[in-house]
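**Student:** Residue numbering for the sequence shown follows UniProt numbering, beginning at 1 and increasing consecutively.
Built from N, CA and C at the ideal position, the CB exists for glycine as well.
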Amino acid sequence: MVSYFLQHIKFEKRLSHHTVTAYEGDMKQFSAYLKFQYDLKDPEKADFQMIRSWIASMAEEKMENRSINRKIATLRTFYNFLLRHKIIVTDPMVKIKALKTDKSLPKYVEEKPMENLLDEVEFSNDFAGMRDKLVLELLYGTGMRLSELIGLKLSDLNLYNNTLTVLGKRNKHRVIPINRNLVGAIRDYLAQRNDLIDDNSDDYLILTDTGTQAYPVFIQRLVKRYLSLVTSLEQRSPHVLRHSFATHLLNRGADLNAIKDLLGHTSLAATQVYTHNSIDKLKKIFQQAHPKA
């Protein structure tokens, strides 16, 4: 049933490739535990005690609560699928509760270091240099996700209206405005790109040095290398640039609902986490400026 479940979330629920891969890994780990601990081959036959035992074993191995909670969420989805298809009659997850986690604020790069990176750092004038800078400009200038950047195609660009269209989670499209500087960076990059590969409206925008579609690890390494020049943050990932985009907009007075739409969040609750960063900044300003602080 696990294979049918994975097909369901991939083709019917249309979850992202990254999410499907994570669910598949969780189910493999759970199945291996059941086989080793209880000699049980079919996860659909697991009961509450078996599931609780697996959760306890992960906690004993000092796995982070957030990671355990994600695996709990995977099992909830799996057993809900079994219930809807009448494979099981009772849900063994009913009494399973998520573990408590500390609320962690999104990590972001301050405005000045970002300005230094994009305005002061020298990028080479060849294809690789222009591509690297464009990747940073796109991630920070639009707040798009890593998967959205990699999936961006030439046909998604509208340089006359200064917009681009990204394919987000659950196959939802959204249009993002881009500023003139970013439009210029895209045009400069396209001129170099066309020398590397024949133009085709179905081609992906961001390419590797060999002219193939960029992949996650390639972009992650690129971003980490450049962010290391301007920040000492331990986390230097594409998602940090997304967090920086949202935090800087909020700090400069942007409407929370507008940021929600730009990020492609389905609910305002997901966007409100950035207000905590803004409040922290206001506190610092108050401490520095107010005579009675």
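With respect to the alpha helix (DSSP H) encompassing Ile178, which residues constitute its N-terminal and C-terminal limits?
**Tutor:** Looking at the DSSP string, Ile178 is not in any alpha helix (DSSP H), and its letter there is neither H nor E.
**Student:** According to DSSP, is Leu34 helix, strand or coil?
**Tutor:** Three-state result, Leu34: helix.
**Student:** In three-state DSSP terms, what is Leu138?
**Tutor:** Of the three classes helix, strand and coil, the one that applies to Leu138 here is helix, per DSSP.
**Student:** Write down the C-beta distance between Ile150 and Pro216 rounded to the nearest angstrom, noting that I regard them as a contact closer than 8 Å.
**Tutor:** With a Cβ gap of about 7 Å, Ile150 and Pro216 count as contacting.
**Student:** With a threshold of 7 Å, establish whether the CB of Asn65 neighbours any heavy atom of the ligand MN.
**Tutor:** Ligands in the displayed structure: none, and consequently the ligand MN is not present.
**Student:** Output the distance between the C-alpha atoms of Arg52 and Leu82, rounded to the nearest integer angstrom.
**Tutor:** When rounded, the distance between both Cα atoms is 19 Å.
**Student:** Evaluate Arg131 with the Cβ neighbour count: other Cβ atoms within 10 Å of its Cβ, from every protein chain shown; 16 or more gives buried, anything less gives exposed.
**Tutor:** Burial call: buried.
**Student:** Which class does His265 belong to by DSSP, given the choice of helix, strand or coil?
**Tutor:** Coil.
**Student:** Determine the burial state of Ala32: buried for a count of at least 16 other Cβ atoms within 10 Å of its Cβ, exposed for fewer.
**Tutor:** Label assigned to Ala32: exposed.
**Student:** What do you get for His243, buried or exposed, if any count of 16 or more other CB atoms within 10 angstroms of its CB means buried?
**Tutor:** Counting Cβ neighbours within 10 Å, His243 comes out buried, since at least 16 surround it.
**Student:** Rounded to the nearest angstrom, what separates Leu146 and Tyr160 at their Cα positions?
**Tutor:** Their backbone Cα atoms lie some 25 Å apart in a straight line.
**Student:** Could you please give the first and the last residue of the uninterrupted alpha helix (DSSP H) stretch that includes Val217?
**Tutor:** Segment 216-227, the alpha helix (DSSP H) holding Val217.
**Student:** Measure the C-alpha to C-alpha separation of His276 and Lys103 and round it to an integer number of angstroms.
**Tutor:** One C-alpha to the other measures close to 11 Å.
**Student:** How is Asn158 classed by DSSP in three states: helix, strand or coil?
**Tutor:** DSSP places Asn158 in strand when its eight states are reduced to three.
**Student:** The alpha helix (DSSP H) spanning Thr77 covers which residue range?
**Tutor:** Where Thr77 is concerned, the enclosing alpha helix (DSSP H) stretches over 65-84.
**Student:** Under DSSP, the beta strand (DSSP E) around Val166 begins and ends at which residues?
**Tutor:** Unbroken beta strand (DSSP E) run through Val166: 163-167.
**Student:** Report the residue from Leu15, Tyr38, Leu6 whose alpha carbon sits nearest the alpha carbon of Asp26.
**Tutor:** Answer by Cα proximity: Leu6.
**Student:** Look at Val183 and Ile176 and say whether their C-beta atoms are less than 8 Å apart.
**Tutor:** No, the pair does not count as a contact, with Cβ atoms beyond the cut-off.
**Student:** Of the residues Tyr23, Glu44, Lys86, which one's Cα is nearest the Cα of Ile68?
**Tutor:** For the residues Tyr23, Glu44, Lys86, the minimum Cα distance to Ile68 belongs to Tyr23.
**Student:** Let me know the secondary structure DSSP gives Arg174 once reduced to three states.
**Tutor:** Three-state result, Arg174: strand.
**Student:** Check the C-beta distance from Val240 over to Val135 and give it rounded, since I have them as a contact under 8 Å.
**Tutor:** Not quite, the Cβ-Cβ distance comes to about 13 Å (not below 8 Å), so this is no contact.
**Student:** Got a sec? Which residues, its chain only, sit under 7 Å from Val20 by beta carbon, not counting five neighbours each side?
**Tutor:** Leu6, Ile9, Lys10.
**Student:** How is the alpha helix (DSSP H) around Tyr4 delimited, first residue to last?
**Tutor:** From DSSP, the alpha helix (DSSP H) with Tyr4 extends over 2-7.
**Student:** In its own chain, which residues sit with a C-beta less than 7 Å from the C-beta of Leu99, not counting the 5 before and 5 after it?
**Tutor:** Asn65, Ile68, Asn69.
**Student:** Just checking my contact of Leu196 with Leu207 at CB under 8 Å: how many whole Å lie between their CB atoms?
**Tutor:** Correct: roughly 7 Å between the Cβ atoms.
**Student:** Just curious, the alpha helix (DSSP H) that Thr90 is in, first and last residue?
**Tutor:** Counting along the chain, Thr90 falls outside any alpha helix (DSSP H), and DSSP gives it neither H nor E.
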